[in-house]
């Protein structure tokens, strides 16, 4: 248990489906992140939330929609995805937006788009 | 903008042998540097971090890393590798957000 819990662990969805990824942390952290990890590529930062406010969106397609209802929960809503969106989606949290203490990562959701 | 380069995509090492993973960064100021490890099917776990001070930092699982400003490097080392060290290793630099290198996959042979 890393302190950051992601559900589901695995998800297979069709291109016309709508699904959501969930991330939860009870570490008292104020910043949360979504990363995409594709094979043979560096981790890509998708979204950053600080104190429940989105502070960064790295040119992510609109078919990915994040939501942060409180400082402990982060969602990634998915709709009309493409096969190239298949990847490991990692959630992370840190004490603060500019934390120098590193991030705590969840185990990820392995997403397959068929 | 900062960047992180891990020159080695894949390293194979014998169990009990030493391991060194290279990391080079490009950053204007003194960076915060990190090493993470990812086992198959898992998220990333922090091994160690450097902020300032002593340039040799100790981490978990017997790992250490040395910050060399003159070489813009932050190489990770372990004197004697165990089979459980087989994983992917990521170097990262913090500039208001973590930016990662492409990773180095370590295979441990018996």
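Residue numbers (my numbering), protein chains in the order written: chain W, 1 to 114; chain H, 1001 to 1110. All C-beta atoms in this analysis are idealised placements derived from N, C-alpha and C, irrespective of residue type, glycine included.
Beta-carbon proximity of residue i to residue j, cut-off 9 angstroms
{"i": "residue 74(W)", "j": "residue 88(W)", "result": "no"}
{"i": "residue 1042(H)", "j": "residue 1104(H)", "result": "no"}
{"i": "residue 91(W)", "j": "residue 6(W)", "result": "yes"}
{"i": "residue 56(W)", "j": "residue 1097(H)", "result": "yes"}
{"i": "residue 1026(H)", "j": "residue 1072(H)", "result": "yes"}
{"i": "residue 109(W)", "j": "residue 16(W)", "result": "no"}
{"i": "residue 104(W)", "j": "residue 93(W)", "result": "yes"}
{"i": "residue 1109(H)", "j": "residue 1039(H)", "result": "no"}
{"i": "residue 1076(H)", "j": "residue 1048(H)", "result": "yes"}
{"i": "residue 1084(H)", "j": "residue 1004(H)", "result": "no"}
{"i": "residue 62(W)", "j": "residue 97(W)", "result": "no"}
{"i": "residue 1107(H)", "j": "residue 1009(H)", "result": "no"}
{"i": "residue 78(W)", "j": "residue 18(W)", "result": "yes"}
{"i": "residue 76(W)", "j": "residue 66(W)", "result": "yes"}
{"i": "residue 1087(H)", "j": "residue 40(W)", "result": "no"}
{"i": "residue 4(W)", "j": "residue 27(W)", "result": "yes"}
{"i": "residue 100(W)", "j": "residue 1063(H)", "result": "no"}
Per DSSP, cross-strand counterpart(s) of residue i
{"i": "residue 1083(H)", "result": "Paired residue(s): none; residue 1083(H) is not in a bridge."}
{"i": "residue 1090(H)", "result": "1036(H)"}
{"i": "residue 37(W)", "result": "88(W)"}
{"i": "residue 10(W)", "result": "110(W)"}
{"i": "residue 1075(H)", "result": "1066(H)"}
{"i": "residue 23(W)", "result": "6(W) and 74(W)"}
{"i": "residue 105(W)", "result": "92(W)"}
{"i": "residue 1024(H)", "result": "1005(H) and 1073(H)"}
{"i": "residue 1048(H)", "result": "1035(H)"}
{"i": "residue 1014(H)", "result": "1109(H)"}
{"i": "residue 119(W)", "result": "Within the shown structure, residues of chain W are numbered from 1 to 114, placing residue 119(W) beyond reach of any answer."}
Test: residue i CB closer than 9 angstroms to a CB of chain A
{"i": "residue 1022(H)", "result": "Absent from the structure: chain A. Protein chains present are W and H."}
**Study point:** Given 8 angstroms, three or more beta-carbon pairs between the segment 41–50 of chain W and the segment 15–24 of chain W
**Key:** Touching, no.
Check your understanding: Are at least three pairs of beta-carbons, each pair with one atom in the segment 1057–1072 of chain H and one in the segment 4–15 of chain W, less than 8 angstroms apart?
Key -> Taking a contact to require three or more Cβ pairs closer than 8 angstroms, the segment 1057–1072 of chain H and the segment 4–15 of chain W do not qualify as touching.
Check your understanding: Can you give, in chain order, each stretch of the beta strand (DSSP E) that sits fully within the segment 47–96 of chain W and has at least 3 residues?
Key -> Counting only runs of 3 or more, we get 53–57, 64–70, 73–79 and 87–94.
Point to revise | Stretch pair the segment 1086–1093 of chain H + the segment 1017–1037 of chain H: three plus CB contacts closer than 8 angstroms | key: Touching, yes.
Check your understanding: Does the segment 27–38 of chain W come close enough to the segment 1070–1081 of chain H that 3 or more CB-CB pairs lie under 8 angstroms?
Key -> Taking a cut-off of 8 angstroms on C-beta distances, the segment 1070–1081 of chain H does not touch the segment 27–38 of chain W, as fewer than three cross pairs fall below it.
Exercise for review: Output, in sequence order along the chain, the residues in the segment 1052–1085 of chain H whose CB is closer than 7 angstroms to any CB in chain W.
Suggested key: So nothing in the stretch comes that close.
Practice item. Please name the residues in the segment 99–111 of chain W whose beta-carbon is closer than 7 angstroms to at least one beta-carbon of chain H, in chain order. Key: Across the segment 99–111 of chain W, CB contacts with chain H closer than 7 angstroms involve 100, 102, 103, 105, 106, 107 and 108, in sequence order along the chain.
Review point. Taking Cβ-Cβ distances below 7 angstroms as the criterion, which residues of the segment 7–36 of chain W are in contact with chain H?
Key: So nothing in the stretch comes that close.
Check your understanding: For the segment 42–59 of chain W, which residues have a CB atom closer than 8 angstroms to at least one CB atom of chain H, in sequence order?
Key -> Near chain H, meaning a CB-to-CB distance below 8 angstroms, the residues of the segment 42–59 of chain W are 42, 43, 45, 48 and 56.
Exercise for review: Report the residues of the segment 63–76 of chain W with a CB closer than 7 angstroms to any CB of chain H, ordered along the chain.
Suggested key: Contact annotation: in the segment 63–76 of chain W, no residue has its CB less than 7 angstroms from a CB in chain H.
Point to revise | Near-chain W residues of the segment 1024–1046 of chain H (beta-carbon distance less than 7 angstroms), N- to C-terminal order | key: Listed by position, the residues of the segment 1024–1046 of chain H near chain W (Cβ gap below 7 angstroms) are 1032, 1034, 1042, 1043, 1044 and 1046.
Review point. Along the segment 79–99 of chain W, what residues have a CB closer than 9 angstroms to any CB found in chain H?
Key: Flagged, chain order: 88, 90, 91, 92, 94, 97, 98 and 99.
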